[in-house]
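Quick note on numbering: our numbering labels position 314 of the sequence shown as 1119, and the sequence is numbered without any gaps.
Backbone N, C-alpha and C fix where the C-beta goes; we use that ideal spot for every residue, glycine too.
Since this is a predicted model, take the numbers as computed values, not measurements.
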Amino acid sequence: MFNQVKGTHDIILNDAEKYTFVEQNLVAVAQTFGYKEFRTPIMEYTELFNRSVGDSSDIVRKEMYTFEDKGGRSITLRPELTACVIRSMVNNKLFVNQDYPVKGYYVGPCFRYERPQAGRYRQFNQFGIECVGSDSPLRDAEVILLGYQCLANLHFYGVTLKINTLGDEESRNAYRKALKEYFAKHIDIMCNDCKARYELNVLRILDCKSPEDQEIVKGAPKIKDYLTPKAKEDFEKVLKVLDDNQIPYTVDESLVRGLDYYSNVVFEFHYSTPSGTDYGALGGGGHYHSLVKECGGPDIPGVGLAFGIERLVTILDEYNAFEEFKPALDAYIMPIGEAQIEYGIQLANSLRGEGFMIEICLENKGMSQMFKKAQRRNAKYAIIIGEDEVKNGTVNLKDLEKAEQVTISIDELSDKLGEQYHEEHHCCCHDHNEEEHHCCHEHDDEEEHECCYKKNRK
């Protein structure tokens, strides 16, 4: 037996459904904001990450999976996706004659050589968005609103936004100088990582996790004292949008994020349960000004965010949130005897074509065994087909929750199964009240205006 590589994990069966559910919800929000999908290679030339992510970041210094291919080229498994998406935009000339901003979302695996721990893997999945080509702070705010909406759709209540600004280039240059002067007095007693960061990018020291170094960091100068008037004004515009939309936030002056390409606004979404359990950061992002240029494109800014799918799934699983989202089978078809199986296959195929989730027992099992299978699959109905039902063109339809059974014709079956959808979703097709429901206001032409439940199931 072969074991999986350390730091990786299999996502299968019910767990895979949880990942799919989370990803589909995140994608749905991105699409409502006008974002289009990007799928980039898992491998990129190493130089892309050295230049974009930054030599001072822990990702480049310690965590990348880098190897030499048979042609002697340095290749890296992508540790994050922002640089990949920007490289794709540049390569595909999306910044030529485009109506800015260019907006893309992505979902896919990333690779970092980190210490494996609960919810943190060396191969992990990431969802994110990039909005490129606009320097308006209102775009930064809109990206934050998108991220907040993503978490709200997954029922993460109690999310707090931590936000900071790194200022524009003039602000950061002045701030770096002040930090250099401050940390010069302490660097000899700080950790080796901080000593390296002091030379490469002194801002990174603010992100140090060493308790001893954190005490030193507390006394460091604050970025707010070095912001240009323009940088202050842009940050205030972002905060006003958050206030207007009732997004709770805390300005965290130590927040710099872990990537060198960030400038101006940076942010993280933190989560605590009603009982007080603090799960820390679920994801975050920020504004970047020179990243596109570093990737070979024009000198234009952008903003983005990302969530770790494993992190979201783990937390949702811990408080049984997936019970609320658990998909249910519309019906489990139970042929009585082998002679009825072929008829059941035709019926199952027909119902699936209308968008229903259907399974059928294709083995010659007894009734009690088939009912157990239906219950394990969380089926709403059992469709029982015996010899008489085949002859008469009927089925026995049993509501497994109410334990009520009726005999109906095959022609009625689709509508009967659809009623369950109408009741759960208050579908306008069910009551046809055009004044209250505008989504299906033209029911006369059935071919052109298909029933809501059929559209949604498909």
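In the assembly as shown, M1175 is a buried residue. Its beta-carbon has 16 or more other beta-carbons within 10 Å. Here the alpha carbons of E873 and L1044 stand approximately 46 Å from one another. Here G909 is near E935, since their CB atoms are less than 8 Å apart.
A straight line joining the alpha-carbon of C889 with that of F854 spans about 9 Å. Ranked by Cα distance from P914, the first of D973, K867, S941, E828 is E828. For C936, the beta-bridge partners assigned by DSSP are K908, V1108.
By alpha-carbon distance to G812, the top candidate from E1004, G924, M806, T970 is G924. Contact annotation: the region 854-871 does not touch the region 952-962, with fewer than three C-beta pairs closer than 8 Å.
Residue nearest to A989 within the set Q1051, Y1003, N997 is Y1003 (criterion: CA-CA distance). CA-to-CA, the gap between Y1076 and F961 works out to about 8 Å.
Under DSSP, no beta-bridge partner is assigned to L1222. Note: V964 is bridge-paired with Y1076 in the DSSP secondary-structure output. When the beta-carbon positions are compared, I1146 and L1167 come within less than 8 Å of each other.
With respect to the C-alpha of R1181, the residue from I1215, G1088, E1206 having the closest C-alpha is E1206. Residue burial annotation: L1011 is buried, with at least 16 other C-beta atoms found within 10 angstroms of its C-beta. D1216 sits in a helix when the DSSP states are folded into three classes. Residue range 1083-1093 is occupied by the beta strand (DSSP E) that includes G1089.
Residue pairing by DSSP leaves M1162 without any beta bridge partner.
In the DSSP assignment, Y1054 is bridged to L966.
By alpha-carbon distance to D1065, the top candidate from Q928, R1009, M1139, I1163 is R1009. For the pair G1158 and I1190, the CB atoms are not nearer than the 8 Å cut-off.
By the criterion of at least three beta-carbon pairs nearer than 8 Å, the region 941-949 is in contact with the region 1045-1052. A Cβ-Cβ separation of about 7 Å places F900 in contact with I1105 under the 8 Å criterion. Approximately 4 Å separates the beta-carbon atoms of A1179 and Y1137; this is inside 8 Å, confirming the contact. T970 places its beta carbon 8 Å or farther from that of N819.
Annotation for K1037: the continuous alpha helix (DSSP H) segment containing it runs 1034-1049.
With a cutoff of 8 Å on beta-carbon distance, L959 and N830 are scored as near each other. Annotation: the continuous beta strand (DSSP E) that includes L1202 extends over 1199-1204. Under the DSSP assignment, F872 falls outside any alpha helix (DSSP H), being part of the beta strand (DSSP E) whose first and last residues are 870-873. Within the same chain, and ignoring the five residues on either side of E1058 in sequence, the residues whose Cβ sits closer than 8 Å to its Cβ are N969, K1027, I1028, K1029.
DSSP places P942 inside the alpha helix (DSSP H), whose first and last residues are 942-958.
Just so you know, the alpha carbons of D998 and T851 end up roughly 22 Å apart. Annotated as distal: V1022 and R981, with beta-carbon spacing of 8 Å or more. Of L1202, E1115, V1071, the smallest CA-CA separation from G1090 is found for V1071. Counting along the chain, Y1186 sits inside the beta strand (DSSP E) bounded by residues 1186-1190. Using a 10 angstroms sphere on the CB of Y926, the tally of other CB atoms reaches 16 or more, which defines it as buried.
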